[in-house]
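Just so we're aligned, residue 1 is where the sequence shown starts under UniProt numbering, counting upward by one. Heads up, the thing below is written out as structure tokens.
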Amino acid sequence: MVSELQRQDSWTLRVLGSTYRSTCYVPKRSNTLRCHSTLVPGQILEFPVIKAASGALTRAYNNLQGSPLVLRIAPAVGIIVFALWGLAPLMRHSRNLILRKNDNGWKKSNTYHVTTSYLQPLLLWAGAIFICRALDPVALPTEASQIVKQRLLNFIQSLSTVLAFAYCLSRLIQQTQKLFVESSEINDRGNMGLDFAGKAVYSSVWIAAFSLFMELLGFSTQKWLTAGGLGTVLLTLAGREIFTNFLSSAMIHATRPFVVNEWIQTKIEGYEVSGTVEHVGWWSPTIIRGEDREAVHIPNHKFTVNVVRNLSQKTHWRIKTHLAISHFDVNKINTIVADMRKVLAKNPQVEQQRLHRRVFLENVNAENQALMVSAPLMKG
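As structure tokens, then:
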């Protein structure tokens with residue numbers, strides 16, 4: 001056993017002696033533990049594949065920087081052309097091959113929405129940025145032209161960045177709102193509130209994008225807001241009806257006194273209006289479809305200063321009628337009234353607690369006697 005260990009040790013020493021590797025001996029009481037170092041002192045650990053790839057990319061970038069302007073712009077133009085005319089067909093064919101689909105429902109598919117809402121704008125933004133990067137080192141003969149070029153490139157970069165990300169975010173908001181409406185069972189009143197919230201967030205995104213764009217161009221948003229204060233006052237005085245109508249529209253969408261497909265009644269400037277709500281606009285007037293199917297256009301601010309009766313929100317309907325009793329049956333009136341009150345009291349569709357029921361003799365004339373019947377019926 002000892003001789004075998006000695007042979008193995010001698011063979012190990014010969015192998016180690018043929019390589020330039022340091023050997024460290026650690027003594028122990030029973031045997032010797034050898035630690036073999038495979039790294040040369042001071043050497044950095046490197047992966048050949050990563051080193052080769054980074055070197056190739058560096059050489060390609062340096063060659064591209066030293067190449068003519070046309071060759072530097074060509075890849076960026078290729079990205080833009082691919083985004084406009086090549087991305088959608090590629091995604092459509094890939095969808096058909098992978099998912100076994102056809103072209104019939106392409107524009108309604110999730111792949112189409114992702115392509116047009118996110119991938120295409122981002123590729124167009126990348127192409128615009130690459131073109132600006134390629135044109136940035138170009139030296140122009142005069143200092144004024146150089147300043148104009150630099151400002152133009154900054155404008156294109158800022159505009160493309162803001163437009164791309166604002167468009168993607170706004171499309172995300174719209175598709176989230178659409179998905180929420182389709183997946184949840186909410187009524188028209190809830191849809192109107194969700195539509196108001198979606199439009200508010202959508203408008204906020206574009207307002208924030210415009211403010212960011214002005215900041216990227218070097219303009220102070222605070223100064224614009226200060227200068228816009230006087231302009232807003234003048235514009236409000238000039239277009240008071242338009243702004244009043246818009247604010248009233250926002251109030252209608254927020255408070256929801258009525259929504260689309262509800263039946264309302266109101267009196268505006270002495271004109272009785274009754275019909276079904278067909279459209280509730282923001283800048284445009286609200287459209288009421290009358291009983292004769294005529295369209296009545298009413299400015300939204302009229303609803304905030306007039307009483308509106310929403311008949312679709314009634315919880316009960318009241319029936320009120322008169323029954324004629326012959327003079328020959330005058331002795332039976334008390335019995336008829338008592339029986340009719342019993343019938344109304346036992347009818348499950350008649351409200352028994354909160355609203356009154358009335359059956360009594362109301363009118364006596366030369367021809368007959370009239371019994372008035374009034375009872376509230378529960379809606380639905």
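Cβ coordinates follow ideal geometry from the N, Cα and C atoms, glycine included. All values derive from a computational prediction rather than experimental measurement.
For His322, the pairing in a beta bridge is given by DSSP as Met372.
With distances taken between CA atoms, Ala375 lies nearest to Gln353 out of Ala197, Glu367, Gln353, Ala366.
In the pairwise beta carbon analysis, the segment 249–265 is classified as touching the segment 298–313: at least three pairs are separated by under 8 Å. In terms of CA proximity to Pro89, Thr115 leads the group Thr115, Arg72, Leu99, Val70. Taking C-alpha positions only, Arg293 is separated from Phe258 by approximately 19 Å. The three-state reading of DSSP puts His316 in strand, counting E and B together.
For Ala370 and Asn334, the gap between their C-alpha atoms comes out near 13 Å. Assigned with DSSP and collapsed to three states, Thr244 falls in helix. In this structure, Asn245 sits near Asn300, with a CB-CB distance shorter than 8 Å. Just so you know, the alpha carbons of Arg151 and Glu143 end up roughly 12 Å apart. Tyr271 has Ile268 as its beta-bridge partners, per DSSP.
Of all C-beta pairs linking the segment 318–336 to the segment 274–289, fewer than three are shorter than 8 Å, placing the two stretches out of contact. When DSSP states are grouped into helix, strand and coil, Arg92 belongs to the helix group.
Leu122 and Ser158 do not touch by the CB rule: their CB atoms are close to 16 Å apart, not below 8 Å. Minimum Cα-Cα distance from Leu124 among the listed residues Cys168, Gly275, Leu135, Gly105 corresponds to Cys168. Leu153 is positioned such that its CB atom lies no closer than 8 Å to that of Leu179. Per DSSP, reduced to three states, the secondary structure at Arg309 is strand. Within the DSSP secondary-structure output, His253 pairs in no beta bridge. Contact annotation, Arg341 with Val359: C-beta distance approximately 5 Å; criterion of less than 8 Å satisfied. His322 and Val373 have their C-alpha atoms some 6 Å from each other. In the DSSP annotation of this structure, the continuous segment of the beta strand (DSSP E) that includes Thr286 starts and ends at 286–290. Closest in C-alpha terms to Pro75, from the list Lys108, Ala126, Ala338, comes Ala126. The beta carbon of Leu69 is closer than 8 Å to those of Ala134, Leu135, Val138 in its chain, skipping five residues each way along the sequence. Taking the Cα positions, Trp206 is about 21 Å away from Ala254. Just so you know, the alpha carbons of Ile173 and Lys107 end up roughly 19 Å apart.
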